[in-house]
Each structure stands twice: as C-alpha cells, then as structure tokens.
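The structure appears below as structure tokens.
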Amino acid sequence: QEFRELELLDHITSLLYNNHLPSTVFSKRRYDLLTRFQYHVGEAFISPAVESSIAWGPYDPVHPTNCCKFKLDVKSMPHIPVRIMCNKDKDLHLMGPQQDSPVLSYGKSISNNKHSVHALGCKWYNNSCPYDSILFVLANTWKSDPVHYAKCFKSINIEWMGELSKSLQLHIEGKYSLEQVRDFMRQKLH
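Each residue of the sequence shown is one higher than the one before, counting from -7 in my numbering.
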C-alpha cells in the first residue's frame, strides 16, 4: 500500500512539475491530495511508471491511509507542581568556603590547572570534510591514553589505524599539524 501511494505521489509531482496537474487537485496533506487525484482520474488509474509487482486495478484499488484517524490519548497529570519547592532543612552554608575565581582582563588568560585538557581538532573551513569529524573523535580518543589506544588502533587495522596512531604521535611531538595528519590519511585512503 505504501509503495502504491508513493507511486501516485510521484506521478502527481511529475504532473505538477510539467504544469499538467488540474487545479482541482491540490492539498497540503498527503491523504487529501491522493483522494482528490483519485477523484479526478479514478481509483483504477495506474501510472505508466508503476512496476507490475505493485500494480493495482479495479478489483484491488489504492485506498490512501488517512492519518487523521489516529488520536492522542493524553492523560491528565494527577499532580502538577505549581512552584519550585526548596528544602528548608538543607543549610546552604554547609557547602564549604567559596573560592573566588580570578578576574580576567582583556587579552589575558589564567589557567587554574597546569595540565588542562584541550580537545584536538582541525580548524573549520568552508571546504572542511567528514575526515575532520572522524579525526576529531579518533584523535581525542587516542589522546586520552596513547599507549593503550595505539595498541587498540593497531589491532583493528595496522595499515590504516596503526598509521593514524603513528601520525598522531608525530603530531603530539610537534612534527606535524593535525591538518597535515588529516590530509596525509585522506591521501593514503584514496
């Protein structure tokens, strides 16, 4: 049934594109459009492009599915909170002393952690490709534990993933940019 409806919709679209669709056949909804088209051409109409395996006829016509017959069963909530309730027994001062964050001035940055973690990733350009996304995921996974993931990558596929692991190591050592690693792997894959 679904394929039959799609074939009719395809034929209607073709007629509309070529300005051969009658002005009486219009609708914003699928069911109404199919019903009006069938009223105009008859229920037994078969588009010339329809395969014989899904063809219909006067004894087996297409009956468009009316999606409006479905109704939502929305049950009322027994309790609707009117306002946010605070726990009066909880003392907010028991959380400990607050640490003031340093105030940053323009052009300066302060890091509280000497070993802060920054995600690896390629710079975004208008011509960026899917390799950027997958490299972002793989590089950051590898960076979380290089020794472990070097073994994992090699066990998956030494030719591609093992090479990626070596290239990421060279990137960490500062010999290549991540964009160069991406371009190298892209060229190797093609």
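Every residue gets a Cβ at the ideal spot worked out from N, C-alpha and C, and that includes glycine.
Straight-line gap, residue i to residue j (C-alpha atoms, nearest Å)
{"i": "Leu25", "j": "Ser45", "result": "24 Å"}
{"i": "Gln172", "j": "Gly166", "result": "11 Å"}
{"i": "Pro9", "j": "Asp2", "result": "The sequence shown places Tyr at residue 9, rather than the Pro named in the question. Roughly 11 Å between the two C-alpha positions."}
{"i": "His12", "j": "Thr5", "result": "10 Å"}
{"i": "Tyr141", "j": "Val54", "result": "57 Å"}
{"i": "Lys20", "j": "Val33", "result": "19 Å"}
{"i": "Ala131", "j": "Ser147", "result": "16 Å"}
{"i": "Thr133", "j": "Phe145", "result": "10 Å"}
{"i": "Val42", "j": "Glu(-6)", "result": "13 Å"}
Secondary structure of residue i, DSSP reduced to three states
{"i": "Gly49", "result": "strand"}
{"i": "Val129", "result": "helix"}
{"i": "His32", "result": "helix"}
{"i": "Glu43", "result": "coil"}
{"i": "His3", "result": "helix"}
{"i": "Leu185", "result": "Coverage of the chain is limited to positions -7 through 182, which leaves residue 185 absent and any answer about it impossible."}
{"i": "Arg22", "result": "helix"}
{"i": "Phe37", "result": "coil"}
{"i": "Met87", "result": "Its pLDDT being 48, under 50, Met87 is placed unreliably in this model, and the value from its coordinates should be taken loosely. Helix at Met87."}
Proximity winner among the options, relative to residue i (alpha-carbon distances)
{"i": "Leu181", "options": "Leu130, Trp152, Ile164, Ser169", "result": "Trp152"}
{"i": "Thr16", "options": "Tyr168, Trp48, Ser147, Phe29", "result": "Phe29"}
{"i": "Glu35", "options": "Leu0, Arg21, Pro14, Lys20", "result": "Leu0"}
{"i": "Ser125", "options": "Leu170, Gly49, Ser39", "result": "Leu170"}
{"i": "Val139", "options": "Val129, Gly154, Leu7", "result": "Gly154"}
{"i": "Lys135", "options": "Ile164, Tyr168, Pro14", "result": "Ile164"}
Inter-stretch contact at 8 Å, needing at least 3 Cβ pairs: the segment 144 to 162 / the segment 170 to 177: yes
Those runs of the alpha helix (DSSP H) which lie wholly inside the segment 133 to 176 and span at least 4 residues: 138 to 148, 155 to 164
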